[in-house]
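*Asks:* Please read through the structure below; I'll follow up with questions.
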Amino acid sequence: MEPKDTTTNEGFKGFTNEACPFLPCHKGVRGKFNCLFCYCPLIAYECPGPYKVYTDANGMRRKDCSDCTLPHNGHRGSWNFIQKWLKKPEIWDGHDQTREFRLKAPPVENETEE
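Just so you know, we're using the working numbering here: the sequence shown kicks off at 159 and counts up by one.
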């Protein structure tokens, strides 16, 4: 088996569980849906993904990442996103979001006038 940094097979970067009864669990995914990060490894860290902050029944501030599609957006794209943010993780300290990831707008196809 080759180390992942030398292989050309990118199968380890993601998969789509077509049998999952919750698929798609997030709307707006632009690439092939990646289920590898069903539970995002960035939940405890600062990240640019869109999240809301709420206080649970025990008084703990928590992140609600249900609007975030970044860990699910394509196999390669989501893998690269997670790897980038795990290189220098910053523990999330319960504050409201201060930076947000901005996706480029999808290309607009030319519409022909009739």
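Ideal Cβ placement from N, Cα and C applies to all residues, glycine included.
1) Alpha carbon to alpha carbon, what distance is there between A215 and K245?
2) Report the residue from G252, N231, K190, I201 whose alpha carbon sits nearest the alpha carbon of R219.
3) For P229 versus C198, is the C-beta spacing smaller than 8 Å?
4) Considering just the uninterrupted stretch of the alpha helix (DSSP H) at K242, what are its terminal residues?
5) Looking only at DSSP bridge pairs, what is F170 linked to?
6) Starting from D251, trace the beta strand (DSSP E) both ways and give me its first and last residue.
7) Anyone know if the C-beta pair for W237 and G169 falls short of 8 Å?
8) Rounded to the nearest angstrom, what separates Y203 and N167 at their Cα positions?
9) Would you call the CB atoms of D225 and P208 closer than 8 Å?
*Replies:* A quick look at the data gives this:
1) 33 Å
2) G252
3) Contact flag set, yes.
4) Unbroken alpha helix (DSSP H) run through K242: 233-245.
5) According to DSSP, F170 bridges with nothing at all.
6) No beta strand (DSSP E) contains D251, which DSSP labels as neither H nor E.
7) no
8) 29 Å
9) For the 8 Å CB-CB criterion, D225 and P208 form a contact.
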